[in-house]
Each structure stands twice: as C-alpha cells, then as structure tokens.
C-alpha cells in the first residue's frame, strides 16, 4: 500500500479542556523572514498555516496547483494519514450515540472472524493485524480500478489471516486498522463513510472543501486545484485509502476541524481524552486514536501519500493550530512542531 505515515514519540498530551484566553502571538517582518528561510530549508513546498483562535499568525504558500494557480489557504491538498483522526472521531461519535462500543469485537461486524480484536485495538494500532505490504514492497493481493471490489478484496484478505501478533500485546502502525474502522462506521451508521463524515463533521464545521480521494477521482465540484486524473490518484489503488488516508482538504478547512475538535463541537470531552491518551505506554510513541503526542502538550498526526507529506498539530496551551502539506516528500515531518515552535516560539 502506498499510504504511509511516520510516527514518533513526544510528551504526553494534557487534558483537552482548554482555556479561552491566550497570550497573543505576533510575527513581525524580521521573524517572518527567518520563518520563511527555515521552512524553505526544511524542504516544505506547498502549504503551511499557523493560526491562533482563527487568526492567522504566519502562513507560507509556495508553488502552484495542477491548474497552474498559486497555492493558497483554499487550495485542496491530499492530507494522507491526517485522515485517521476523522475516522477515529466518527467511531467516537457513534460510541457516544450508543451505536457501537469500543469493546465490540470484529466478529460483531464480520461474523466469520473469530479472533478477539476489538475496536479499541484497531483505534490504538494494537490489533496485531498483518500488514498488506509484503517484504519485497508489493501487496499481498491484486487490485484493480474498481474501489468497491478493491475494498472487498482487502477486507477478505484481512479476515482470512491469522493475526501477526496477539491483540493488545504491542503497538504496530497499520493502515488496515482504519480501513476496517471506516467499514464499521458504515455498518453502525447505515451510511456511506464519507456521507457520515460530511453530515456529522464537515457540514457542521463549514468544511465545504473537504472530501474523499474517490470524490476527487469522480470530479467533485468542491475540489480546487486537483485534477480528477491527478498522478497521486493514479499511484494509489482506488478505494484502499478509505479511513486511513482518503481525505482531501484545505488550510482553511483544517483550521475549522482542529478548532472544532478541540472546542468539543464534534466529540465530547471524554471521547477527546480517549483520543489523546497514550494507549501504548511501553513504546517511545504516545499514540491515541488517530492522534499522537508531537510536542509539549500538543498533538496531531503526520502523514504521507506517495510524494505528498502532511501534518496537523494542536497546541492546547497557546490555542495554536498548525497545518502543513508539502507536495514534496519531507523526512521526519512528525518532528516539525518541535523544530518550529522550539526554535522560534519557545520560552
């Protein structure tokens, strides 16, 4: 599978309860030039947006979209594994509504599967599922151009395999966990996965330029700057990014998402605490449900899809939201918040 996301350790997040007053951060001309130079040297070519309480603190847009237009805060970008937090939020919403339980096993939704893997195991990357990638870098199944057939093929592969490890014995980052979760969201809600996200997350938050890779492939009207025959779409098997790396969004919409998540407009405080908790304390990574600790008390998620690199980061102590998406591969993107804030905004 071509969807990957780097993950690293970090300090564990604090309670999601956030104060409403923050020390306002300003960026003057001198600091702006220093930030521009740093971001350029770091190899980020695309979109970077730092906001505080909805106000832009610093932004840098470099390059052009596929139509030759300069990138901006409303340019659609592939956000890769940043998508996982949306899937996790959908699961938590359904849990809050009593439509599912995190203690449910896969067997409840796929009766042929007998291993005791729960939704919590999937969310926290502790399921023990086998990877779809083979040792030689290929895939364990053959895929075509039909999204539904591809998803069915991968689902059948998962359900036919013995787990590679006993559930809940170790952390193992695996995209298949979130593909299964997206399918479970569909079963529990009775809606298509993206339809559920749009009705319960995108529309309530006013995220009008956010949707799925498959919608882009079909030529959705809301998409700006990405062609339906984009190279990224050709490089990734149809359907397979579902739940784990399938979303396309903008800097404007991602700020709405991060603000809405943090201010409990989507999930309640108990759910957000679960999403930001450390479910693998034995590892050097603090991974929750589609979110991980990145720097200080902040959290978010890195991602990569083909040559696109992305990251979102929420700093609850200062009310800051950072979104980065580069059209070029950026090594170690998960360390960017520490480098960026530690160097320029540290005490």
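Residue numbers (the numbering used here): 434 to 780.
We put the CB at the ideal spot given by N, CA and C, even for glycine.
Annotation for residue 470: the continuous alpha helix (DSSP H) segment containing it runs 462–474. Nearest C-alpha to residue 555 among 603, 754, 577 and 493: 603.
Note on geometry: alpha-carbon atoms of residue 573 and residue 456 lie some 52 Å from one another.
For residue 505, there is no enclosing beta strand (DSSP E), as DSSP gives it neither H nor E. In this structure, 708 is the residue among 671, 728 and 708 with its C-alpha nearest to the C-alpha of residue 535. When rounded, the separation of the alpha-carbon atoms in residue 640 and residue 683 is 9 Å. Where residue 747 is concerned, the enclosing beta strand (DSSP E) starts and stops at 741–748. For the 7 Å CB-CB criterion, residue 517 and residue 677 form a contact. Shown here, residue 687 sits in a helix according to DSSP, grouped into three states. Between residue 525 and residue 730, the CB-CB gap reaches or exceeds 7 Å. A direct Cα-to-Cα measurement between residue 672 and residue 737 gives close to 17 Å. Shown here, residue 656 sits in coil according to DSSP, grouped into three states, outside any helix or strand.
Under DSSP, residue 632 takes part in no beta bridge, so it has no partner.
Between residue 550 and residue 757 the beta-carbon gap is near 33 Å, outside 8 Å, which marks them as no contact. The Cβ atoms of residue 493 and residue 481 lie closer than 7 Å to each other. Between the alpha carbons of residue 464 and residue 734 lies a gap of roughly 26 Å. Contact check for residue 508 against residue 498 passes: the beta carbons are separated by less than 7 Å. The alpha-carbon separation between residue 621 and residue 614 amounts to approximately 10 Å. Going by C-alpha positions, residue 475 is about 31 Å away from residue 567.
Rounded to the nearest angstrom, the Cβ distance from residue 512 to residue 743 is 5 Å, consistent with a contact under 8 Å.
A direct Cα-Cα distance of roughly 10 Å separates residue 533 from residue 541.
Excluding its 5 nearest sequence neighbours in each direction, residue 635 has C-beta neighbours in its own chain below 7 Å: 643, listed in chain order.
Going by DSSP, residue 759 is part of the beta strand (DSSP E) stretching over 753–759. In this structure, the beta-carbon distance from residue 479 to residue 760 falls below 7 Å. Between the C-alpha atoms of residue 714 and residue 746 there is a straight-line separation of about 21 Å. Sixteen is the threshold: since fewer than 16 other Cβ atoms of the shown chains lie within 10 Å of the Cβ of residue 598, the residue is exposed. In the DSSP assignment, residue 459 falls outside any beta strand (DSSP E) and carries neither an H nor an E. Around the C-beta of residue 754, 16 or more other C-beta atoms lie within 10 Å, and the residue is accordingly described as buried. In the DSSP annotation of this structure, residue 622 is not part of any beta strand (DSSP E); the continuous alpha helix (DSSP H) holding it starts and ends at 609–622. DSSP, read as helix, strand or coil, puts residue 521 in helix.
Nearest C-alpha to residue 769 among 722, 686 and 726: 726. Burial state of residue 610 is buried, judged by a 10 Å Cβ sphere holding 16 or more other Cβ atoms.
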